[in-house]
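Trainee: Here's a structure for you.
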């Protein structure tokens, strides 16, 4: 009986070995020559997940193929796509600087997991940069509850004194994960009292004025962005791109942010150009 | 009579000397201690022309003060402001990538000497990036004659087959100083036959497709922008900023482009990342 069982198990093992090797034998490939798995450097396109059998360049995007696994695994990409999307409200107003709001718009809309929309004081069109007429998706009164609020700059002067807007910002800050200002948009955070005890940055010409407006904050120059946790502020105009990429890196991981930067061909992004305020430093600004 | 004239002239000379030195004497400053002329590094704000008497940092913008003359002289700035402005037509369409058109919009609108406007197939609003609703300033039929045409990318597929648009691009190219494509916008130049015999670049995923569409051109990868003279093409999305700054540098001088880059806090700009095709290389693409 034992002999029968032993030979039966040998037979099963032999069958399994033949079955496992048959695809290789059919192609005359020995187990030592199992095809390589190469993937292109992440470019943000579908070819990021396409498997190639030898190094070279991707036929779709032209990026070099690298042996290994894809930068973002298929399952991770699927998980990201299915996960609940975060609402990103981009506040626009007459005189908003086009790149201030376009940079974060591009970053969040190009990354899976964000539902991005514009919001303004009313549903009336606004003029950006003197010639770009944008009709907002929502007004302050019907805007979906945001997880991330982006406050771009430009001619923010008339809006800093708008009580309805400042109240909306204060209210959003009670539940939003991130309040991100770009350029002079930091003035709106200051007016709402959200920079008190924080470190922050802004447009180079606005540093002193913002410091005077919010004496309980420490306003830094020559810093691409400053992350206090919920409150993230960036330097001027183009720095909004870097600040938004930093937020993506924090919420979605560095690989996802790098993929978005590569899609945007923004290899100029240097994650370490910003300042991430350590918990022990929070509140330190008040004592200085 | 001669003696009277001589002594009168001595008297006038003495009076002139006292008058000239009196401001210095009043401040107890000897002629050797004439105050320095310091100006801030150009930041794009009015303080660029403000004179300071000692080094340090500008009180307005915080930039370091440097001894010498302002980066752009007052007279040059006035001349630039008074010079005839160049018309910059930015073509926008449904599915246009927001940063593709926002980058050049920011650059040209932030630099003196450009009159920037959007143009589309009709005057109907378009949707950029899936959520930004922009109403164009002009349609193809009533658009002022452009000196510079910007063709951003994004979902350009449906527009490459639009005869009215391609004819408008061909017609504009008969008089425009610069035709600047960003990202997949190069496909529109290719369709109009404007890349034949030229070197060009485009979005990284579009390199091979563009090469197939325009076999008489040489399409380059890993190049931030390619300048053939009238035809300038850039790589993807964020590269439009660099391409537009290059056009400003060519038309208005490096100092003006640097000032705009500084205003935008785009110190990441590296003018030498692009390729300026030498006259001897023009047409070489056809022979390869």
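Chains as they are written, first to last, in the UniProt record's numbering: chain A, 1 to 288; chain B, 1 to 288. In this text, a Cβ means the ideal position worked out from N, Cα and C, and glycines have one as well.
So, are the CB atoms of residue 209 of chain A and residue 111 of chain A less than 8 Å apart?
Mentor: In this structure, residue 111 of chain A does not lie closer than 8 Å to residue 209 of chain A by Cβ.
Trainee: Return the CA-CA distance between residue 290 of chain A and residue 184 of chain A, expressed in angstroms with no decimal places.
Mentor: In the structure displayed, chain A extends from 1 to 288; residue 290 of chain A sits before or after that span and is not available.
Trainee: Who are the neighbours of residue 130 of chain A on chain B, taking C-beta pairs under 9 Å?
Mentor: Going along chain B in sequence order, the residues near residue 130 of chain A (Cβ under 9 Å) are 109, 116.
Trainee: For residue 264 of chain A, go through chain B and note every residue whose CB falls closer than 8 Å to its CB, in chain order.
Mentor: Chain B residues near residue 264 of chain A: 99, 236, 237, 238.
Trainee: Assuming residue 131 of chain A contacts residue 118 of chain B (C-beta within less than 8 Å), just tell me the rounded distance between them.
Mentor: Their Cβ separation, rounded to whole angstroms, is 7 Å, which keeps residue 131 of chain A and residue 118 of chain B in contact under 8 Å.
Trainee: In whole angstroms, what is the alpha-carbon distance linking residue 31 of chain B and residue 266 of chain B?
Mentor: Note that residue 31 of chain B has pLDDT 39, beneath the 50 cutoff, so the model's placement of it is unreliable and the number below is only indicative. Their Cα atoms are separated by approximately 42 Å.
Trainee: For residue 196 of chain B, I'd like the list of residues in its chain whose CB is within less than 8 Å of its CB, leaving aside the five on either flank, ordered along the chain.
Mentor: Cβ within range, chain order: 214, 216, 217, 286.
Trainee: Beta-carbon of residue 105 of chain A versus every beta-carbon of chain B: anything under 8 Å?
Mentor: Interface residue, yes.
Trainee: Of the choices A/134, A/114, A/97, A/96, whose alpha-carbon is the least far from that of residue 89 of chain A?
Mentor: When each option's Cα is compared against that of residue 89 of chain A, the closest is A/114.
Trainee: Between the C-alpha atoms of residue 189 of chain B and residue 166 of chain B, what's the straight-line distance to the nearest angstrom?
Mentor: Computed Cα separation, rounded: 8 Å.
Trainee: Would residue 125 of chain A count as contacting chain B if we go by Cβ distances under 8 Å?
Mentor: With 8 Å as the cut-off, residue 125 of chain A counts as an interface residue toward chain B.
Trainee: When DSSP builds the beta bridges, which residues end up paired with residue 128 of chain B?
Mentor: Bridge partners of residue 128 of chain B: B/132.
Trainee: Would you kindly check if the distance between the Cβ of residue 226 of chain B and the Cβ of residue 104 of chain B is under 8 Å?
Mentor: Cβ distance not < 8 Å, so residue 104 of chain B and residue 226 of chain B don't count as in contact.
Trainee: Thinking C-beta only, is residue 134 of chain B closer than 8 Å to residue 260 of chain B?
Mentor: No, these two residues do not count as a Cβ contact at 8 Å.
Trainee: Would you tell me roughly how many angstroms separate the C-alpha atoms of residue 149 of chain B and residue 53 of chain A, rounded to the nearest one?
Mentor: About 43 Å.
Trainee: Terminal residues of the continuous beta strand (DSSP E) containing residue 208 of chain B?
Mentor: Here residue 208 of chain B belongs to no beta strand (DSSP E); instead the alpha helix (DSSP H) covers 207-213.
Trainee: Given a cut-off of 8 Å, decide if residue 95 of chain A and residue 154 of chain A are closer than it, judged by their beta-carbon atoms.
Mentor: Against a cut-off of 8 Å, the Cβ pair of residue 95 of chain A and residue 154 of chain A comes out as a contact.
Trainee: In the DSSP assignment, find the alpha helix (DSSP H) that holds residue 159 of chain A and state where it starts and stops.
Mentor: Looking at the DSSP string, the run of the alpha helix (DSSP H) that includes residue 159 of chain A is 157-160.
Trainee: Just to make sure I have the definition right: I need the residues of chain B whose C-beta is within less than 8 Å of the C-beta of residue 137 of chain A. Which are they?
Mentor: By Cβ distance, chain B contributes 131, 133.
Trainee: Mind checking if residue 213 of chain A is an interface residue toward chain B, Cβ cutoff 8 Å exclusive?
Mentor: No, residue 213 of chain A lies away from the interface with chain B (no Cβ there is under 8 Å from its Cβ).
Trainee: By the criterion of Cβ-Cβ separation under 7 Å, what are the contact partners of residue 102 of chain A in chain B?
Mentor: Those are 98, 99, 102, listed as they occur along chain B.
Trainee: Work out the CA separation of residue 242 of chain B and residue 292 of chain A for me, nearest whole Å.
Mentor: Lying before the first or after the last residue shown, residue 292 of chain A is absent from chain A, which here runs from 1 to 288.
Trainee: I'd like the ranges of any alpha helix (DSSP H) spanning at least 4 consecutive residues and lying wholly in the segment 141-189 of chain A.
Mentor: Runs found: 157-160, 163-173.
Trainee: Quick one: Cα of residue 124 of chain A to Cα of residue 37 of chain B, how far?
Mentor: Between residue 124 of chain A and residue 37 of chain B, the C-alpha separation is close to 48 Å.
Trainee: Taking the Cβ atom as the reference point for each residue, do residue 200 of chain B and residue 170 of chain B lie within a distance shorter than 8 Å?
Mentor: No, the Cβ-Cβ distance between residue 200 of chain B and residue 170 of chain B is not below 8 Å.
Trainee: Between residue 218 of chain A and chain B, is there a C-beta pair that is closer than 8 Å?
Mentor: Not one chain B Cβ lies under 8 Å of residue 218 of chain A.
Trainee: Just checking: is the beta-carbon of residue 204 of chain A within a distance shorter than 8 Å of some beta-carbon in chain B?
Mentor: Residue 204 of chain A counts as touching chain B.
Trainee: When DSSP builds the beta bridges, which residues end up paired with residue 199 of chain B?
Mentor: In DSSP, residue 199 of chain B forms a bridge with B/218.
Trainee: Enumerate in chain order the residues of its own chain whose CB-to-CB distance from residue 139 of chain A is below 6 Å, with the five nearest sequence positions on each side excluded.
Mentor: Excluding residues within five positions, the ones whose Cβ falls inside 6 Å are 122, 123.
Trainee: Should residue 129 of chain B and residue 97 of chain B be called a contact, given that it needs their Cβ atoms to be closer than 8 Å?
Mentor: Closer than 8 Å, so yes.
Trainee: Taking the alpha-carbon positions, what's the residue 51 of chain A to residue 204 of chain B distance?
Mentor: Cα to Cα, residue 51 of chain A sits roughly 19 Å from residue 204 of chain B.
Trainee: Which residue marks the beginning of the alpha helix (DSSP H) containing residue 244 of chain A, and which one marks its end?
Mentor: Taken as a continuous stretch (DSSP letters only), the alpha helix (DSSP H) holding residue 244 of chain A covers 239-252.
Trainee: How about residue 268 of chain B: is its C-beta nearer than 8 Å to some C-beta of chain A?
Mentor: Yes - at least one Cβ of chain A is within 8 Å of the one on residue 268 of chain B.
Trainee: Only counting the same chain, and skipping five residues up and downstream in sequence, which positions put a Cβ closer than 6 Å to that of residue 87 of chain A?
Mentor: The answer, listed in chain order, is 115, 144, 146, 147.
Trainee: Can you tell me which of the three DSSP states residue 51 of chain B falls into?
Mentor: Here residue 51 of chain B sits in coil by DSSP.
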